[in-house]
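First up is the structure itself, then whatever we jot down about it.
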């Protein structure tokens, strides 16, 4: 039984609405938590991708990994560079393809502080580990199906 108010008899639509509202709520809680570090959830997402990709952290790869356009990621990266979280390095030549992004000391510090993620742990504390694994499976199925329908190549 759900405590979320339903407006239709369409279970699929109502599940989507609940997922959307839950995502927005978690995003807001996370945003509030991250204000102390002068970062946003979007910043942390990009810092995480750059950290994960290492010497393969090219802007196009970062965009694909997040399912975002190059232009949108380019704008976000410019803001992060101005904040001092990332810097650009060229591998060999000065071409854009040879450019990689790396975390600065300030970016590494913000990333490490944000990984504590107390708000996320607080929210997920109502789930057992088995339920978290099930949720992960369900969300990955939805992510994969969405990508299949969208016909994009997201890592």
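Residue numbers (the working numbering): 701 to 855. Beta carbons: idealized from backbone N, C-alpha and C, even for Gly. For clarity, every value in this text was computed on a predicted model and none was experimentally measured.
Item                                                                                                                                                                                : Value
By the three-class DSSP mapping on this structure, what secondary structure does residue 742 have?                                                                                  : helix
Assess, as a yes-or-no matter, whether the segment 772-789 is touched by the segment 837-849 under the definition of 3 or more beta carbon pairs within less than 8 angstroms.      : no
Should residue 810 go down as buried or exposed, given a rule of 16 or more other Cβ atoms within 10 Å for buried?                                                                  : buried
Go ahead and pull the three-state DSSP assignment for residue 777.                                                                                                                  : helix
Please classify residue 782 as buried or exposed, where buried requires at least 16 other C-beta atoms within 10 Å of its C-beta.                                                   : exposed
Given this structure, state the Cα-to-Cα distance separating residue 734 from residue 806, to the nearest angstrom.                                                                 : 14 angstroms
By Cβ distance, which residues of its chain are closer than 6 angstroms to residue 762, with the 5 residues on each side in sequence left out?                                      : 749, 773
Leaving out five residues on either side along the sequence, give the residues of the same chain with a beta carbon under 8 angstroms from the beta carbon of residue 708.          : 714
If you run the structure through DSSP and keep just helix, strand and coil, what is residue 787?                                                                                    : strand
Below 8 angstroms, can you find three or more Cβ-Cβ pairs linking the segment 826-841 to the segment 736-754?                                                                       : no
For residue 776, collect the residues of the same chain with a Cβ closer than 7 angstroms to its Cβ; drop the 5 residues on either side in sequence, then sort them by chain order. : 742, 746
May I ask which residues mark the beginning and end of the beta strand (DSSP E) holding residue 827?                                                                                : Where residue 827 is concerned, there is no enclosing beta strand (DSSP E), given that its DSSP letter is neither H nor E.
Determine the extent of the beta strand (DSSP E) in which residue 800 is found, giving its start and end residues.                                                                  : 799-803
Verify whether the separation of the beta carbon atoms of residue 856 and residue 819 is less than 9 angstroms.                                                                     : As shown, the chain starts at 701 and ends at 855. That puts residue 856 outside it, with no answer to give.
Helix, strand or coil for residue 718, going by three-state DSSP, please let me know.                                                                                               : helix
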